[in-house]
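A.B. asks: Here it is: the structure, laid out below.
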Amino acid sequence: GLFVTDYFTRTPRKLSPFRSFASIELFHFHIPEDTVIAVWNLITFKEQGGTFGDQCPDRSITVYFRSGAPSVINPLHTHFPRDTAVPGSFALTLTWTLPNRTTGVFNVTSPLPGDWFLAAHLPKDEGKISVKGLYEECQYLFQPQLIVQRLVNIAVLYPGHVTEQSMAPHNRSCLYKVFVPSYTSRVLVEVLRCRGAEGCPLWLRVRAKAPPLHNSTTLDCREHTPCQLAQDLPFWQHWYYVLVEKHPGVPGTISFQVTVQLTDCSRPSLARPPFLPSSASMNMPHSFGSAGGLALGDSPPPTSPNDTKHPIPIPATSHAGERCWPVRPTLRNELDTFSVHFYIFFGPNVSVPPDRPAVFVINLLPVLDSGGVLNLELRLNVSSLCGENVTVFGCLNHEVPLTSSDNTSVTCETESLAGFLLSVNATASLSRLRIPYPQTGSWYLSLRSLCATEHGFEPCTNVTAEVYLRAYLSPCINDCGIYGQCKLLRTNNYLYAACECKAGWNGWGCTDNAEAFSYGFQLLSTLLLCLSNVMFVPPVAIAVRSHYLLEAAVYIFTMFFSTFYHACDQPGIVVFCIMEYDVLQFCDFLGSLMSVWVTVIAMARLQPIVKQASVLYLLGAMLLSMALQMDRHGLWNLLGPSLFALGIMAVAWTARTIRRRHCYPPTWKRWAFYLCPGALIAAAAVLLYAFVETEENYFYIHSIWHLLIAGSVGFLLPPRAKPSRRLGPLPRRKGCGYQLCVNEQEELGLVDPAVASINSICTS
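Numbered continuously in the working numbering, the sequence shown closes out at residue 773.
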């Protein structure tokens with residue numbers, strides 16, 4: 010046949026370790042109809058500092074594939090919330106073949122058309138908290154590419170018509186498709202007048218939505234006469250593909266006829282009429298393709314003059330399950346993104362008669378609705394049962410309602426159809442069903458009432474059950490509870506929602522408490538992070554006592570906002586916020602950096618050198634505010650101002666050392682008991698903050714950080730001398746040479762001569 014190749018690619022994205030579905034990278038593809046093979050080329054490479062990450066460790070990458078909606082994955086094997094249906098998906102783990110690059114290939118033969126989703130992530134890490142910009146992190150980039158081959162001009166079979174075909178010796182098979190409209194209960198495909206060298210050496214395969222596979226519904230025409238293949242309860246509004254395949258090693262040309270019969274379940278005694286020219290009469294799409302046969306081989310078969318189409322008589326047959334009941338529509342009311350309510354006309358209370366099911370349809374829009382959660386709730390009005398032991402069963406099926414004539418059956422599955430079962434009775438009057446990331450299209454809910462007897466379930470008599478029915482679409486399951494946050498995520502133009510859990514809770518709806526923090530632990534961690542800021546009280550007292558009022562004000566500001574920021578930043582329920590979170594975080598970061606800034610500037614003793622040293626305090630506040638607004642978590646926001654202030658202090662101390670001609674501060678006691686211990690404590694705090702802190706030990710490591718930083722300030726802040734009584738100047742000795750004025754207390758590194766009035770000794 011004639012193939013067309015299409016190529017699709019996506020931009021590489023950085024993968025993250027798995028914590029929840031919010032941490033995965035999602036890729037959206039669309040596979041066209043009539044695709045016979047789809048090949049995903051999965052490219053993964055490492056980067057470190059803008060170059061190839063040859064030294065980065067090999068970390069396995071897991072990729073999930075699913076058609077119709079994103080995959081519902083659970084790599085941590087957590088528990089799902091109650092009444093949650095988990096759809097399946099296919100997972101693939103990539104291994105590294107080169108130091109910095111690897112490529113994986115995933116083939117899908119005859120894939121389902123429509124939306125396909127790929128989800129990729131790294132394995133869960135140890136949760137280390139790294140400072141942004143401290144070192145070049147290893148980045149793992151993932152780029153999927155899709156190559157599809159699709160057939161063009163596939164022959165279309167029209168119900169009630171015969172298509173004649175001759176299969177040449179070099180051809181292997183012939184492919185057809187037929188469109189199945191709504192209210193079709195049965196598809197019957199038949200091969201007629203098969204003539205070959207060895208009888209009828211053909212296989213007949215039928216599959217919905219995509220060309221048949223080796224495991225599709227198959228019939229060997231050698232062993233069955235007539236060669237008829239039936240599909241009960243077919244999918245509505247979809248193409249069905251018919252593959253007539255020749256047995257291997259059969260010589261000669263094989264001629265046969267193919268016909269399709271569709272049974273209209275709204276009129277069980279009638280079959281679908283022969284095809285009319287207008288496609289609207291059968292609710293068919295206008296893109297039919299060609300009307301002629303197509304052989305899947307090296308070349309199309311030669312056209313025979315007797316290849317004609319003509320209607321054949323269709324017997325009116327009645328099979329079990331051919332009768333279908335009216336489908337009641339629902340009204341769609343969109344409230345917000347993934348917040349849609351489906352209202353039933355003359356509802357929400359519905360009546361379920363004893364002799365027939367009540368069928369409802371819920372239409373989910375393509376792409377728009379597959380990123381949320383489909384919720385269904387049934388509540389039985391027990392007073393409507395009149396004392397009978399009635400059970401109302403509900404079957405939720407995708408794309409076709411399951412309405413079997415066997416009233417005693419309580420299953421929602423067939424050989425080719427899977428569904429979800431709900432039931433309510435007088436004992437359990439409430440039933441719920443949640444489907445995360447549902448496939449789009451039409452979902453049919455069939456309700457029927459059965460009475461329980463000693464011999465099982467039997468049809469009820471003269472009892473009409475009343476059921477409250479609620480169907481709606483929500484972003485997350487129960488809004489992720491009190492220990493989670495429902496996040497709206499986007500990948501290109503596709504929106505989806507996922508829960509991000511906290512306080513040790515896990516699971517799709519943050520309901521798995523296997524590793525959850527207890528209330529006592531949450532209270533203890535909050536108190537540790539908040540009360541550790543009390544360590545700033547001694548530095549405040551030292552600053553006030555030494556007349557460093559500006560520094561004391563900054564320390565009080567830092568202590569206040571650090572306390573209430575950590576009280577608001579807790580992951581659990583022990584949370585107290587006096588302002589918006591962003592305001593508290595900004596003030597906490599600003600106070601921390603300003604504390605470092607004013608302490609180092611105070612140590613520099615710039616007052617004798619710079620008359621208006623307060624300009625540096627104001628300049629530091631403005632620059633730090635700007636830096637925090639640009640990048641609040643960057644390394645240079647902490648390191649840059651600190652190094653700049655240390656540079657100013659080093660210049661000031663060097664100038665004094667050169668001018669005094671001896672080290673400044675000159676006394677070993679100042680170095681041994683104040684500067685060195687303070688510097689060591691501050692260095693230990695920085696090392697803990699940068700290299701030891703993780704998510705698990707954050708509560709006590711960060712509390713120790715508070716204690717060490719506040720303690721280092723108490724050691725590093727230079728004291729000021731107490732005011733002393735003013736003494737008269739000594740008589741100045743006259744002589745040649747220069748005059749050197751020495752302030753004894755300043756040389757000891759104890760006081761500031763610009764503030765204290767002391768006795769100066771001048772020598773010449």
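Glycine included, C-beta positions come from ideal geometry on N, C-alpha and C.
None of these values were measured; they are calculated from a predicted model.
Can you check whether the CB of A693 is closer than 9 Å to the CB of L717?
C.D. replies: By 1-based counting over the sequence shown, the position of residue 717 is 708. By 1-based counting over the sequence shown, the position of residue 693 is 684. Cβ atoms of L717 and A693: closer than 9 Å.
A.B. asks: Per DSSP, which residues does D229 bridge with? Please list them.
C.D. replies: One-based indexing of the sequence shown puts residue 229 at position 220. According to DSSP, which records beta bridges pairwise, D229 is partnered with W212.
A.B. asks: Whole angstroms are fine: how far does the CA of S721 sit from the CA of E560?
C.D. replies: Indexing the sequence shown from 1 puts residue 560 at position 551. Indexing the sequence shown from 1 puts residue 721 at position 712. Using only the alpha carbons, I get a separation of about 14 Å.
A.B. asks: Any contact between the segment 77-89 and the segment 146-157? By contact I mean 3 or more CB pairs, one from each, below 8 Å.
C.D. replies: Verdict: no, contact absent.
A.B. asks: Mind checking who M176 pairs with in its DSSP beta bridge?
C.D. replies: Stepping through the sequence shown from its first residue, residue 176 is reached at position 167. Paired residues: I263.
A.B. asks: What's the gap between the Cα of N116 and the Cα of A100?
C.D. replies: Your numbering for residue 116 matches position 107 in the sequence shown. Your numbering for residue 100 matches position 91 in the sequence shown. Going from the Cα of N116 to the Cα of A100 covers about 13 Å.
A.B. asks: Taking the C-alpha atoms as reference points, what is the distance between Y352 and F429?
C.D. replies: Translated into positions along the sequence shown, residue 352 becomes position 343. Translated into positions along the sequence shown, residue 429 becomes position 420. Taking the straight line from one Cα to the other gives about 21 Å.
A.B. asks: What does DSSP give as the partner residues of A100 in its beta bridges?
C.D. replies: Working through the sequence shown from its first residue, we reach residue 100 at position 91. Y73.
A.B. asks: Return helix, strand or coil for K678, following the three-state DSSP convention.
C.D. replies: Locating residue 678 in the sequence shown gives position 669, where the first residue counts as 1. Reduced to three states, the DSSP call for K678 is helix.
A.B. asks: Can you list, in chain order, the residues of its chain whose CB lies under 6 Å from that of L532, leaving out five sequence neighbours each side?
C.D. replies: Within the sequence shown, numbered from 1, the residue matching residue 532 stands at position 523. These residues qualify, in order along the chain: V583.
A.B. asks: Ignoring anything shorter than 4 residues, give me the alpha helix (DSSP H) runs that lie fully in the segment 659-707, in order along the chain.
C.D. replies: Complete alpha helix (DSSP H) runs here, min 4: 685-696.
A.B. asks: Are the segment 187-202 and the segment 234-248 in contact at 8 Å, needing three or more beta carbon pairs?
C.D. replies: Cβ pair count under 8 Å is three or more, so yes.
A.B. asks: Between the alpha carbons of C539 and L107, how many angstroms are there, rounded?
C.D. replies: Counting from 1 along the sequence shown, the entry for residue 539 is found at position 530. Counting from 1 along the sequence shown, the entry for residue 107 is found at position 98. Taking the straight line joining both Cα atoms gives about 49 Å.
A.B. asks: Cutting at 7 Å between CB atoms, please list the residues of its own chain near Y16, excluding the five before and the five after it.
C.D. replies: Taking the sequence shown and counting its residues from 1, the one referred to as residue 16 is at position 7. Here the set comprises I156.
A.B. asks: For the beta strand (DSSP E) that contains Q240, what are its first and last residues?
C.D. replies: In the sequence shown, residue 240 corresponds to position 231, counting from 1. Start and end: C236 to D241.
A.B. asks: Is it the case that the segment 260-267 contacts the segment 169-180, given that we only count it when at least three CB pairs across the two stretches are under 8 Å?
C.D. replies: The segment 169-180, when compared against the segment 260-267, does touch it at the 8 Å Cβ threshold.
A.B. asks: Distance, Cα to Cα, S275 vs G97?
C.D. replies: To locate residue 275, count along the sequence shown from 1; it is residue 266. To locate residue 97, count along the sequence shown from 1; it is residue 88. So the two alpha carbons sit approximately 33 Å from each other.
A.B. asks: Pairing CB atoms from the segment 506-523 with CB atoms from the segment 484-493, are three or more of them under 8 Å?
C.D. replies: Enough Cβ pairs lie closer than 8 Å, so yes.
A.B. asks: On the three-state DSSP scale, how would you describe E207?
C.D. replies: Here residue 207 refers to the residue found at position 198 when the sequence shown is read from its first residue. In the structure shown, E207 sits in coil (DSSP, three-state: anything other than H, G, I, E or B).
A.B. asks: State the DSSP-derived secondary structure class of I52, mapped to helix, strand or coil.
C.D. replies: One-based indexing of the sequence shown puts residue 52 at position 43. Residue state, collapsed to three classes: strand.
A.B. asks: Count the other C-beta atoms from every protein chain shown that fall within 10 angstroms of the C-beta of P122, then say buried if there are 16 or more, exposed otherwise.
C.D. replies: The residue given as residue 122 occupies position 113 in the sequence shown. Buried, by the Cβ-count rule.
A.B. asks: Under a Cβ-count criterion, where at least 16 other Cβ atoms within 10 Å of its own Cβ denotes burial, should G465 be classed as buried or exposed?
C.D. replies: Mapped onto the sequence shown, residue 465 falls at position 456. Exposed is the call here.
A.B. asks: Tell me which residues share the same chain as V419 and place their Cβ nearer than 8 Å to its Cβ, disregarding the 5 neighbours each side in the sequence.
C.D. replies: Taking the sequence shown and counting its residues from 1, one reaches residue 419 at position 410. Within the same chain, V419 has close Cβ partners F402, L430, S432, L459 and F466.
A.B. asks: I'd like to know whether the C-beta atoms of L385 and S451 end up nearer to each other than 9 Å.
C.D. replies: The residue given as residue 385 occupies position 376 in the sequence shown. The residue given as residue 451 occupies position 442 in the sequence shown. No. Outside cutoff.
A.B. asks: Using the Cβ count rule (16 or more neighbours within 10 Å means buried), how would you classify W677?
C.D. replies: For this step, residue 677 is matched to residue 668 along the sequence shown. It is exposed - the Cβ of W677 has fewer than 16 other Cβ atoms within 10 Å.
A.B. asks: In terms of DSSP beta bridges, what is F126 paired with?
C.D. replies: For this step, residue 126 is matched to residue 117 along the sequence shown. Note: F126 sits in a beta bridge opposite H37 and R75.
A.B. asks: So if DSSP puts Q158 in a beta bridge, which residue, or which two residues, is it bridged to?
C.D. replies: As a working mapping, residue 158 is identified with position 149 in the sequence shown. BP columns for Q158 point to T14 and I46.
A.B. asks: Comparing alpha-carbon positions, which option in P357, V336, D229 and A474 lies nearest V368?
C.D. replies: By 1-based counting over the sequence shown, the position of residue 368 is 359. If we check each option's Cα against that of V368, V336 comes out closest.
A.B. asks: With the cut-off set at 9 Å, would you say P26 and Q152 are in Cβ contact?
C.D. replies: One-based indexing of the sequence shown puts residue 26 at position 17. One-based indexing of the sequence shown puts residue 152 at position 143. Taking 9 Å as the Cβ cut-off, P26 and Q152 do not qualify as a contacting pair.
A.B. asks: Which class does P650 belong to by DSSP, given the choice of helix, strand or coil?
C.D. replies: Here the question's residue 650 lines up with position 641 in the sequence shown. Note: P650 maps to helix in three-state DSSP.
A.B. asks: Give the DSSP-derived three-state secondary structure of P21 in the structure shown.
C.D. replies: Counted from its first residue, the sequence shown places residue 21 at position 12. Three-state result, P21: coil.
A.B. asks: Kindly indicate which residue of C469, A31, T520 and F700 has the alpha-carbon position closest to the one of H130.
C.D. replies: Indexing the sequence shown from 1 puts residue 130 at position 121. The option with the nearest alpha carbon to H130 is A31.
A.B. asks: Quick check: the Cα distance between F12 and D124, rounded to an integer number of angstroms?
C.D. replies: Taking the first residue of the sequence shown as 1, we reach residue 12 at position 3. Taking the first residue of the sequence shown as 1, we reach residue 124 at position 115. Approximately 21 Å, taken between the alpha carbons.
A.B. asks: Which two residues bound the contiguous beta strand (DSSP E) that contains E560?
C.D. replies: One-based indexing of the sequence shown puts residue 560 at position 551. Premise fails: E560 lies in the alpha helix (DSSP H), L558 to C577, not in any beta strand (DSSP E).
A.B. asks: Below 8 Å on the Cβ atoms is my guess for L127 versus F54; work out the distance and round it to an integer in Å.
C.D. replies: Sequence index remark: in the sequence shown, residue 127 carries index 118 (1-based). Sequence index remark: in the sequence shown, residue 54 carries index 45 (1-based). Their Cβ separation, rounded to whole angstroms, is 17 Å, which puts L127 and F54 out of contact at 8 Å.
A.B. asks: Quick one: residues in its chain with C-beta nearer than 6 Å to the C-beta of Y503, no 5 flanking neighbours on either side, listed in chain order?
C.D. replies: Locating residue 503 in the sequence shown gives position 494, where the first residue counts as 1. So the qualifying residues of the chain are H37.
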